[in-house]
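Structure first, then comments.
Protein chains: 4
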Amino acid sequence: MTTDNVKIGLIGAGRIGRLHAEVLAHRVSTANLSMVTDIVLESAEKCAADFQIPTVAPDPQAIFDNDEIDAVAICSSTDTHVQLIIEAAQAGKHIFCEKPIALDLASVDRALEVVKQNGVKLQVGFNRRFHANFKQVRDLVAAGKVGQPHLMRITSRDSAPPPISYVKVSGGIFLDMTIHDFDMARFLIDSEVEEVYAAGAVLVDPAIGEAGDIDTTVITLRYANGAIGTIDNSREAVYGYDQRVEVFGSKGVAISANNTPHNTAYYDAQGAYSSLPHFRFLDLYMDSYIAEMKAFVEAIQQDTEPPVTGLDGRYPLVMGLAAAKSYRENRPVKLSEIDPARG
Amino acid sequence: MTTDNVKIGLIGAGRIGRLHAEVLAHRVSTANLSMVTDIVLESAEKCAADFQIPTVAPDPQAIFDNDEIDAVAICSSTDTHVQLIIEAAQAGKHIFCEKPIALDLASVDRALEVVKQNGVKLQVGFNRRFHANFKQVRDLVAAGKVGQPHLMRITSRDSAPPPISYVKVSGGIFLDMTIHDFDMARFLIDSEVEEVYAAGAVLVDPAIGEAGDIDTTVITLRYANGAIGTIDNSREAVYGYDQRVEVFGSKGVAISANNTPHNTAYYDAQGAYSSLPHFRFLDLYMDSYIAEMKAFVEAIQQDTEPPVTGLDGRYPLVMGLAAAKSYRENRPVKLSEIDPARG
Amino acid sequence: MTTDNVKIGLIGAGRIGRLHAEVLAHRVSTANLSMVTDIVLESAEKCAADFQIPTVAPDPQAIFDNDEIDAVAICSSTDTHVQLIIEAAQAGKHIFCEKPIALDLASVDRALEVVKQNGVKLQVGFNRRFHANFKQVRDLVAAGKVGQPHLMRITSRDSAPPPISYVKVSGGIFLDMTIHDFDMARFLIDSEVEEVYAAGAVLVDPAIGEAGDIDTTVITLRYANGAIGTIDNSREAVYGYDQRVEVFGSKGVAISANNTPHNTAYYDAQGAYSSLPHFRFLDLYMDSYIAEMKAFVEAIQQDTEPPVTGLDGRYPLVMGLAAAKSYRENRPVKLSEIDPARG
Amino acid sequence: MTTDNVKIGLIGAGRIGRLHAEVLAHRVSTANLSMVTDIVLESAEKCAADFQIPTVAPDPQAIFDNDEIDAVAICSSTDTHVQLIIEAAQAGKHIFCEKPIALDLASVDRALEVVKQNGVKLQVGFNRRFHANFKQVRDLVAAGKVGQPHLMRITSRDSAPPPISYVKVSGGIFLDMTIHDFDMARFLIDSEVEEVYAAGAVLVDPAIGEAGDIDTTVITLRYANGAIGTIDNSREAVYGYDQRVEVFGSKGVAISANNTPHNTAYYDAQGAYSSLPHFRFLDLYMDSYIAEMKAFVEAIQQDTEPPVTGLDGRYPLVMGLAAAKSYRENRPVKLSEIDPARG
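Residue numbers (our numbering), protein chains in the order written: chain A, -16 to 326; chain B, -16 to 326; chain C, -16 to 326; chain D, -16 to 326.
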């Protein structure tokens, strides 16, 4: 264990990269950003200027070659993740990688294998695990307060749909949106999902359907321990970003409600008014991003397992692929159909 | 239209019969109970004494033969409903009948046919439609406030499981418990359900499984208008009777919470404590029973359609049978498989 | 102790009299209404017809003379209370009397003296003590959960002001409205109030000021045990009948919220909407009226002290008179100034 | 108006000074900390190291002498505020000063006079004005949603009492604690307070009484516009930091509730549990500290009036002195008794 600050190289200075840059620059006192790279050099330079990062490069190789750097934060586009993980692992760097690792299992498995061979740590960016509401639900479940889990419910609705250009390349709703909920489903209950059934529809925007995706879905999950789960997703909740979970069991139930920008209510002769949920995901999850990065740094300093491992990144992908198949074929699909090794 | 009080004969003086007797005696000023019958004469006599009912008989025929009586309330066991509906209709009596009408479609259709031929009114006892929370959700949906419905969620959990003796004859969870939620699913959204998928498990009590039933289920509903619904049921919520619904759509969402015995919160150094939901269904639904009976009486007086018709009694049965088949075969089942005429 | 039904004569068939008639007729199975009297005989007759009361008379003397009758419920105008209490007590009837007993202390003391001499029970109609929200607060305080009480807060606001004709004869806001809160202040904390300071204003309607009253007040209470209380009243809360209490102490706090007609929330792109509080006092307090009458009947049957005694009726009057003096003189007033015997 | 970053010198590197240092270093992108001074040079040095402040000095004169510095943040002990304000103003620096400016009116007036003469801006650190809950209440009031204000309520209770050593020098509860609520009372309603009545007691800890202070108080406020306010304070709410406000008026009411660390509820067979309020003031008010500093910087850049002026710092002191007098003499005290110029 060391208390030296962890030196991190940031790969990708787009929206999520800048977010992690701010987190590392101002909110995580145990780490320093040593370098930032982006194929668009101007982006890297702007990021460096805004967050006091001493070095800039167009190519992540500069990070891998730098012996002073302990770890990388991979925030580039999804299709680059696997190659960067492999190179970072071979360079002996610990790795924080935004989700998803990849959109196909073979690639993920290739990356995880190299990570394993090189003995570096890999944490996947499922930041929601670090949100106080969900953490509290999980802690209650883990402490046995809910008893044997019987039912799990997730409501996860975006406040506005992504651009159609994104829908076309994202891998579809199950891999770009529900994947967070698949991770949450595993996080909340200490049991794996064995079968999924996904009903879906295009109700928000026909253009999403024309792009080959759906925008509304309800998914049933069967856990190995017998519990049944359900996830509902929509690409557009006009009233805000709606993120609620619930675990019900033999001894009780834990239910999280939405956070709101303020807690002031107003009553007049016509009605009672209170705050809508947050509208932007960052307003809800900023603290989660900070907490996940602190946890990554702590895992490096204390040489412990990161709280969200490579396997934690792999399982939701299997669930997403199974959900997509279930939706296409309108039947329950066992995860072993997607991932025979699990059966 | 008449403003004369409606004279009602009560058939069955068990728990639910006595409930309706109290409602008619004390809470519905527009009706009078003229007679009560029960195969156990003592039950009828006690009911008559407790609620000032002038006449008692062992056989409902006494009601059918009485020209003074306008309507009957059928509160006897489920297996007697169809025959009593037929006899009442043939005697020209309007009919309030507890749910379910029957456990098989052919019997229901036979009863509805005779009702139709005789031009009497038939209202089925789906009392939850009259609860202020659910009525408010439906009113918001019906007023277009939610916009086009996309998602519907029902959580419906009993506070304690029924006796195993009841489980053995009830028709199973889908017909004795979820049937209320199937009705709610139709009530909340003005569209019919076309397909169901039911996942189920025995998690509360193995004896329920040994009796051939399940105690935990999650059901996915596909509506004709494209909306997707989900119902979760448990036979035992240790924290109370949990009854919540939600309709989400293009313009907003309507969500009902549980009612509680009191609205007092307590905070100490360890935590914040508030009231559990009601534990007994009557504490939650007493007002609904009153409102449904007032509505029945009003439909007779004003010669209008009752708010819950015979067809409203029939649809949930089809859904229940489809859910049972879906659970047995672990696949989505179209309602037309159960009820080809609908196809 | 007897389990015979208690036979009650009702004096006064106005609004509150009819309310108690309905309660006794339909909701209290341990009592029967034997007779109703009203100086307007038609009112008594209508009340008898509506609630199946066998005997009607213009004069309460008929009740006092009837040996079959155990108790009276005095629901006539305030200025008749003292004389009727005295006559009922002398006739050996137990007494339920609507609040206030009288508007001056000497009259109250005269009535209580005769009650005491004749050994009958007297319960005063502070029905709010029987509401689940406030009872829960008191129970928490009485059980020591709040610890030593430090602060007590009551918000009590009517949804609409009374007619000016009523304001002119009611005794003023402190005696017609705050008197309920003065009783609540004593009920919640087991200690007497020793000093009051009342700030007041005419903000709702100048006509109330012209009638010699105020419509808005904040009152500070000093309890014998050191706790400090505050009551705020308004004659008009446009959003509904606002009734909340709070007791804060060394170990915690108990806070009651308003009840609402339904528990459904609605969210759209503009805001989050929920139910206003009840608007009419009866929608909030009907169950309290039932519970107080059951408690009165039980006290008679079991020969125990009624839960709201004559002294409980007297103290709030002292507090009201002190508050009125405090407001007029804009200074704290000790209750011993009003009621030297207490000093 | 300038968009150059504002250069700020920090005076005092104790708890509150370090808080503002962190805010200025990481959360306010429009300002830079140029220097920090503290009579304990080690404190200044540690602060500089932790928050990347380039220059350190023992004496604030170094700040006043530095032409590069635009503004000072005065975070030293209260007894130094007036002298530092005067020197800063004479050096032409804009001033952010922690509350209170001073504990006596003459000193405050002296400081405000010099500020005025030198034409610099002075903002006083009433950070609560910037909290989303209270800001929302004020915005509703200011927008006329509440109508004419009739009643104002503040509950403000600390989670734990300060050390007795602090109580002895703080100026007493009215000047060290209620002063925030006096500011809030003015902030929420656009009208001045003219009279106060303070009831107080020692209920939390006898040592507080021995130190010459009280720990529990209820204060009645009379506003110039006729509204009546009430503040309740306690030095110790064992369940957390309790900060709620309410403004009631002719058209409605605005009510803020407490914020909580999470929004997860748990129900078991015994009860329903939810989160306590935050326990530490920083968990509640961190965002307010950021917002107030951003507002100060913006006022300098845009050459506008700061949102909390020197007079806003003066009024609560008058109210606090009047409350202390009211408590001592147990009578309502007009503010003109303390501050004749206002009369």
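Think of the CB as a built atom: it goes at the ideal place given N, C-alpha and C, for glycine as much as any other residue.
query: For a contact meaning CB atoms closer than 9 Å, what does Ala4/A contact in chain D?
result: Walking along the first sequence from the start, residue 4/A turns up at place 21. In chain order: nothing, as chain D lies at least about 13 Å away.
query: Is Pro132/D close to chain A, meaning its C-beta is less than 7 Å from at least one C-beta of that chain?
result: As a working note, residue 132/D is residue 149 in the fourth sequence. So no, Pro132/D is outside the interface.
message: Tell me the rounded alpha-carbon separation between Ile214/A and Ser258/A.
response: Numbered from its first residue, the first sequence carries residue 214/A at position 231. Numbered from its first residue, the first sequence carries residue 258/A at position 275. Between Ile214/A and Ser258/A, the C-alpha separation is close to 25 Å.
message: Can you tell me whether Tyr149/C is buried or exposed? The criterion is at least 16 other CB atoms within 10 Å of its CB, across all chains shown.
response: Working through the third sequence from its first residue, we reach residue 149/C at position 166. Looking at its Cβ environment, which holds fewer than 16 other Cβ atoms inside 10 Å, Tyr149/C is exposed.
message: Beta carbons nearer than 9 Å to chain B: which residues of the stretch 212 to 231 of chain D have them?
response: Ala220, Val221, Tyr222, Gly223 and Asp225
- request: Closer than 8 Å by beta-carbon distance: list the chain C residues that pair up with Ala240/A, in chain order.
  value: Within the first sequence, numbered from 1, the residue matching residue 240/A stands at position 257. Result: empty, since nearest Cβ-Cβ is about 11 Å, beyond 8 Å.
- prompt: Using 8 Å as the Cβ pair cut-off and three pairs as the minimum, do the stretch 103 to 118 of chain C and the stretch 235 to 249 of chain B touch?
  reply: Taking 8 Å as the limit for Cβ pairs, the verdict is that the stretch 235 to 249 of chain B does touch the stretch 103 to 118 of chain C.
- request: Could you work out which residue in Ser17/A, Glu193/A, Val201/A and Pro132/A is closest to Val221/B when comparing CA atoms only?
  value: For the purposes of this step, residue 221/B is taken as residue 238 along the second sequence, with counting starting at 1. Closest option to Val221/B, Cα to Cα, is Pro132/A.
For Gly0/C, the three-state DSSP class (helix, strand or coil): Stepping through the third sequence from its first residue, residue 0/C is reached at position 17. Three-state DSSP puts Gly0/C in a helix.
query: Do the CB positions of Val176/B and Met276/B come within less than 7 Å of each other?
result: Position 193 of the second sequence, counting from 1, holds the residue named residue 176/B. Position 293 of the second sequence, counting from 1, holds the residue named residue 276/B. Their beta carbons are not under 7 Å apart, which means Val176/B does not touch Met276/B by this criterion.
Beta-carbon proximity of Leu86/D to Gly(-5)/D, cut-off 7 Å: Working through the fourth sequence from its first residue, we reach residue 86/D at position 103. Working through the fourth sequence from its first residue, we reach residue -5/D at position 12. Going by C-beta atoms, Leu86/D is not nearer than 7 Å to Gly(-5)/D.
task: Between the Cα of Ile147/D and those of Val129/D, Ile137/D, Cys58/D and Val187/D, spot the shortest distance and give me the residue it belongs to.
output: Here residue 147/D refers to the residue found at position 164 of the fourth sequence. Checking every option, the nearest Cα to that of Ile147/D belongs to Val187/D.
- prompt: Thinking just about the alpha-carbon of each residue, which of Leu267/C, Gly209/C and Tyr224/C is nearest to the one in Ser233/C?
  reply: Locating residue 233/C in the third sequence gives position 250, where the first residue counts as 1. Closest by alpha carbon: Gly209/C.
Within 9 Å of chain A by C-beta, residues of the stretch 255 to 278 of chain C in sequence order: Ala255, Tyr256, Ser257, Ser258, Leu259 and Pro260
field: Extent of the continuous beta strand (DSSP E) to which His133/C belongs
entry: Taking the third sequence and counting its residues from 1, the one referred to as residue 133/C is at position 150. Unbroken beta strand (DSSP E) run through His133/C: Pro132 to Arg140.
message: Against chain C, with Cβ distances strictly below 7 Å, would Asp251/A count as a contact?
response: Sequence index remark: in the first sequence, residue 251/A carries index 268 (1-based). It does: the Cβ of Asp251/A has a partner Cβ on chain C nearer than 7 Å.
- prompt: If Arg314/B sits next to Pro315/A, beta carbons under 8 Å apart, how far is it from one beta carbon to the other, in whole angstroms?
  reply: As a first step, residue 314/B must be located in the second sequence, where it is residue number 331. As a first step, residue 315/A must be located in the first sequence, where it is residue number 332. Contact between Arg314/B and Pro315/A is confirmed by a C-beta separation of about 7 Å, below the 8 Å threshold.
8 Å Cβ shell around Glu70/D - same chain, five flanking residues per side excluded: Translated into positions along the fourth sequence, residue 70/D becomes position 87. Within the same chain, Glu70/D has close Cβ partners Pro43, Gln44 and Phe47.
query: In chain order, what residues of the same chain have a beta carbon less than 7 Å from the beta carbon of Leu7/A, not counting five sequence neighbours either side?
result: As a first step, residue 7/A must be located in the first sequence, where it is residue number 24. If we look at Leu7/A and ignore the five residues flanking it on each side, its Cβ neighbours are Ile(-9), Ala14, Leu16 and Met276.
- prompt: Does the distance from the C-beta atom of Val107/B to that of Gly296/B stay below 7 Å?
  reply: On the second sequence, residue 107/B is found 124 positions in, with the first residue counted as 1. On the second sequence, residue 296/B is found 313 positions in, with the first residue counted as 1. Yes, the pair counts as a contact, with Cβ atoms nearer than the cut-off.
message: What would DSSP say about Ser309/B, mapped onto helix, strand or coil?
response: Counting from one through the second sequence, the residue named residue 309/B turns up at place 326. DSSP places Ser309/B in helix when its eight states are reduced to three.
query: Should Asp228/B and Ser217/B be called a contact, given that it needs their Cβ atoms to be closer than 7 Å?
result: Counted from its first residue, the second sequence places residue 228/B at position 245. Counted from its first residue, the second sequence places residue 217/B at position 234. Strictly speaking, residue 228/B in this sequence is Val, with Asp absent from that position. No, the Cβ-Cβ distance between Val228/B and Ser217/B is not below 7 Å.
Gln100/D, buried or exposed, once every other Cβ within 10 Å from all chains shown has been counted against 16: Reading the fourth sequence from its first residue, position 117 is the one you call residue 100/D. The residue is exposed, with fewer than 16 neighbouring Cβ atoms inside 10 Å.
- prompt: Which residue comes first and which comes last in the beta strand (DSSP E) that contains Asp251/A?
  reply: As a position in the first sequence, residue 251/A is number 268, starting the count at 1. Counting along the chain, the beta strand (DSSP E) containing Asp251/A begins and ends at Thr247 to Asp251.
field: Neighbouring residues, chain C, relative to Lys128/B (Cβ below 8 Å)
entry: Here the question's residue 128/B lines up with position 145 in the second sequence. Within 8 Å Cβ-Cβ: Tyr249 and Asp251.
task: Name the one or two DSSP bridge partners that Val201/D has.
output: Position 218 of the fourth sequence, counted from the first residue, corresponds to residue 201/D. Note: Val201/D sits in a beta bridge opposite Ala182/D and Asp215/D.
- prompt: In the DSSP assignment, what are the bridge partners of Tyr327/D?
  reply: Any question about residue 327/D goes unanswered here, given that chain D covers just -16 to 326.
task: Spatial neighbours of Ala307/B within its chain, please: CB distance less than 7 Å, with the 5 preceding and 5 following residues excluded, ordered by chain position.
output: Looking up residue 307/B in the second sequence gives position 324. For Ala307/B, the CB contacts under 7 Å within the same chain, skipping 5 residues up- and downstream, are Gly155 and Phe157 in chain order.
- prompt: Anyone know if the C-beta pair for Gly212/B and Phe262/B falls short of 7 Å?
  reply: As a working note, residue 212/B is residue 229 in the second sequence. As a working note, residue 262/B is residue 279 in the second sequence. Their beta carbons are not under 7 Å apart, which means Gly212/B does not touch Phe262/B by this criterion.
message: Within 7 Å of any Cβ in chain B, is that where the Cβ of Ala14/C sits?
response: To locate residue 14/C, count along the third sequence from 1; it is residue 31. So no, Ala14/C is outside the interface.
- request: Output the distance between the C-alpha atoms of Val23/D and Val39/D, rounded to the nearest integer angstrom.
  value: Counting from 1 along the fourth sequence, the entry for residue 23/D is found at position 40. Counting from 1 along the fourth sequence, the entry for residue 39/D is found at position 56. C-alpha separation (whole angstroms): 11 Å.
- prompt: What is the rounded straight-line gap between the Cα of Ala143/D and the Cα of Glu219/D?
  reply: Within the fourth sequence, numbered from 1, the residue matching residue 143/D stands at position 160. Within the fourth sequence, numbered from 1, the residue matching residue 219/D stands at position 236. Pairing Ala143/D with Glu219/D, the inter-Cα distance amounts to about 5 Å.
query: Can you find a CB in chain B that lies within less than 7 Å of the CB of Ala307/D?
result: For the purposes of this step, residue 307/D is taken as residue 324 along the fourth sequence, with counting starting at 1. Closer than 7 Å: no.
query: Buried or exposed: where does Val98/C fall if 16 or more other Cβ atoms within 10 Å of its Cβ makes it buried?
result: Numbered from 1 along the third sequence, position 115 holds the residue referred to as residue 98/C. Buried is the call here.
Asn208/D - containing alpha helix (DSSP H), residue span: Locating residue 208/D in the fourth sequence gives position 225, counting from the first residue. In the DSSP assignment, Asn208/D falls outside any alpha helix (DSSP H), carrying neither H nor E.
task: Could you spell out where the alpha helix (DSSP H) holding Met160/C opens and where it closes?
output: For the purposes of this step, residue 160/C is taken as residue 177 along the third sequence, with counting starting at 1. Met160/C -> no alpha helix (DSSP H), and no H or E assigned at all.
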